[in-house]
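Presented below is the structure to which this report refers.
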Amino acid sequence: MRKKNPAWANVYMALLLLLLYLPVLVVVLFSFNSNPGRTANFLFEGFSLQWYESLFDPATGYGEPLRTSLMLALWSVLLSAALGTLGAIGLTRRPLRRRLLARAGSAALSFGEQVAVLPIMVPELVLGIALMALFTLMGLPFGMVTLVLSHVVFCVPYIFITVKGRLANLDPALEEAARDLGASPMQALYTITLPLALPAVVSGCLLAFAMSMDDFVISFFVNGPTTNTLPLKIYSSVKVGVPPHVNALCTLMLAVVFLVVAISQLYSARVNRRRQVQASGGARI
350 MRKKNPAWAN VYMALLLLLL YLPVLVVVLF SFNSNPGRTA NFLFEGFSLQ
400 WYESLFDPAT GYGEPLRTSL MLALWSVLLS AALGTLGAIG LTRRPLRRRL
450 LARAGSAALS FGEQVAVLPI MVPELVLGIA LMALFTLMGL PFGMVTLVLS
500 HVVFCVPYIF ITVKGRLANL DPALEEAARD LGASPMQALY TITLPLALPA
550 VVSGCLLAFA MSMDDFVISF FVNGPTTNTL PLKIYSSVKV GVPPHVNALC
600 TLMLAVVFLV VAISQLYSAR VNRRRQVQAS GGARI
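Residue numbering for the sequence shown follows the numbering used here, starting at 350 and increasing by one per position.
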């Protein structure tokens, strides 16, 4: 007989879900509010789509920061994908790992792996001040370049961790078989290792893209006078309450996130079904 959950467990789950999703529901609800006042007033006067229709008008000032954040996230992810993937391959591929162990030892190799993920363990406030001091010392003007470099610093670990976890679980016999068949190390890398690691690379890139789009603290310290990211623009707009345009913008971003998650889940389910069909076919043979 299936046991029923106690009443307190159901109440606890309901309160937890309410705590997690009530703020999101409030944002979505007030994005359709016809009241031009800010959310701090909590007056819902009627349903309207006017804030979505005028969201990217030049008068609102959200279009340019959104484009800046998208370009910033794109360049940061591209550079981070290259650095994080190469770093993960260098620390997990068997021949390279054996050479590193022989030269540096396991302690040094473990230290290198920990250093690679250090930026996500350092408080953003400390990292932002450190990067600002570094760019000032170098005489580098603050702007898009400093923003991209700063975002690469904290985006690389996310891609490194996901790709390293994927490569650590790969069967080394696949690459060794390619080498036995005459493939060079680079050919084995491009034809075996990278295709198998591609799902992890994509997952890491999506996570890094979201973190870059969401970053406020580090961008606040390294931003220049000619650049303004979306989080900084939103911060300057919500000091005395959330304007309806911000609610509409956040709702659109939530919709994009849900769409990406849904596509990812459908793709994963399709891949799993294909693997099950292949496994069942192989078992019958």
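Heads up, the beta-carbon is just placed ideally off N, CA and C, and yes, glycines get one too.
Residue from the options with nearest C-alpha to residue i
i, options, result
"S429", "A465, P574 and W400", "A465"
"L543", "E525, I438 and I583", "I438"
"S561", "W424, E524 and T485", "W424"
"V551", "K582, P574 and V512", "V512"
"L474", "S568, N382 and P372", "S568"
"V502", "V426, L547, M487 and T575", "V426"
"F381", "F396, L392, P534 and V375", "F396"
Rounded separation between residue i and residue j - CA only
i, j, result
"Y507", "C554", "8 Å"
"Q463", "M481", "23 Å"
"C315", "E394", "As shown, the chain starts at 350 and ends at 634. That puts residue 315 outside it, with no answer to give."
"V360", "K588", "35 Å"
"Y401", "V497", "29 Å"
"N572", "A522", "48 Å"
"R623", "I469", "36 Å"
"V605", "L516", "29 Å"
"T600", "P580", "14 Å"
"T495", "M362", "44 Å"
"M409", "L374", "The sequence given here places Thr at residue 409; Met does not occur at that position. The alpha-carbon atoms of T409 and L374 are separated by roughly 23 Å."
"L392", "V377", "14 Å"
Assigned secondary structure, residue i (DSSP; H/G/I helix, E/B strand, else coil)
i, result
"F396", "strand"
"N382", "strand"
"G412", "helix"
"G433", "helix"
"L573", "Note that residue 573 is Gly in the sequence shown here, rather than Leu. Of the three classes helix, strand and coil, the one that applies to G573 here is coil, per DSSP."
Cutoff 8 Å; reference residue i; Cβ partners in own chain excluding five residues on either side
i, result
"L467", "P506"
Range covered by the alpha helix (DSSP H) that runs through residue i
i, result
"Y507", "M493 to A517"
"S552", "L543 to D563"
"S585", "L579 to S586"
"S533", "Premise fails: S533 is in no alpha helix (DSSP H) and is neither H nor E."
"T485", "E473 to M487"
"S403", "Here S403 belongs to no alpha helix (DSSP H), and DSSP marks it neither H nor E."
Own chain residues within Cβ distance below 6 Å of residue i, not counting five before or after
i, result
"A559", "none"
"L519", "L545"
"A422", "F558, S561 and M562"
"G477", "V566, I567 and F570"
Cβ neighbours of residue i in the same chain (closer than 7 Å, five flanking residues each side left out)
i, result
"L404", "Y411, H594, A597 and L598"
"A537", "E524, A527 and R528"
"F491", "F484, V571, N572 and G573"
"I583", "V595"
"I510", "V466"
Cβ-heavy atom distance, residue i to the ligand ATP, below 6 Å
i, result
"P414", "Ligands in the displayed structure: none, and consequently the ligand ATP is not present."
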